[in-house]
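The structure under discussion appears below in the form of structure tokens.
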Amino acid sequence: MNELTHLDEEGRVRMVDTSAKLETARRAVASARVLMTPETVEAVRAHRTPKGDPLETARIAGIMAAKRTSELIPLCHPLPLTHIEVRATLEDSGVHIEAEAATNAQTGVEMEALTAAAVAALTVYDMCKAVEKGITITDVRLEEKTGGKSGTWKRERAGDQGPEAG
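Mapping of the sequence shown onto our numbering: position 96 corresponds to residue 101, and the numbering continues sequentially without gaps.
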């Protein structure tokens, strides 16, 4: 993959022409973590956060964000999403977010899944910042994708920190 697909012959940024590509079923899963103190976790668990339920609000925000990805990421194609699901699970260390997106299109839905996970994480922060300012958002990453020319990719679970890991 030596060709720079998002640059024209004169080096200017462009949106890739996908019109010659076949529409195929595409699916992607992304995740994020929101780390917080045990006191903040307990406030979420006990429904004592001033702005309301951060988990449900994050789910809705993630779904809305996935649908608007092409408005946020300059060279993303607008996609007709056929499915988007955002799960926000309270854990001892904070909130684990998982976002799944699907479409039948000419390009993948990785960015939609990543956008959903990232915005859901930001929403948890926003909903909980009155309780704790030191909340950390971490590990926003693609977990798996299927469909298209490159086929299936799945992150290795055991200690995998991503492509740069040693």
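Just so it is clear, CB atoms sit at the ideal spot from N, CA and C, and this is done for glycine as well.
The beta carbon of Met20 sits closer than 6 Å to those of Leu80, all from its chain and outside the five residues before and after it, given in chain order. Annotation: the region 30 to 104 contains the following complete segments of the alpha helix (DSSP H) (minimum length 4 residues), in chain order: 43 to 50, 59 to 72, 74 to 77. In this structure, Ala71 places its C-beta atom within 7 Å of the C-beta atom of Thr120.
The beta carbon of Leu60 sits closer than 6 Å to the beta carbons of Ala93 from its chain, once the five residues preceding and following it are set aside; these are given in chain order.
Thr151 has Arg32 as its beta-bridge partners, per DSSP.
DSSP places Ala135 outside both helix and strand once states are collapsed to three, so it counts as coil. Residue pairing of Ala106 in beta bridges, as defined by DSSP: Ala33, Ile89. When rounded, the separation of the alpha-carbon atoms in Lys150 and Asp13 is 27 Å. Under the criterion of beta carbons closer than 8 Å, Gly153 and Thr23 do not qualify as touching, at roughly 10 Å. Taking C-beta atoms under 8 Å as the contact rule, Val129 and Val100 qualify, at a distance of about 5 Å. The Cβ atoms of Thr108 and Thr87 lie closer than 7 Å to each other. Here Cys133 is near Ile140, since their CB atoms are less than 7 Å apart. In the displayed model, Thr120 falls within a helix according to three-state DSSP. Burial check for Gly156: the Cβ neighbour count within 10 Å stays below 16, so the residue is exposed.
In the assembly as shown, Arg17 is an exposed residue. Its beta-carbon has fewer than 16 other beta-carbons within 10 Å.
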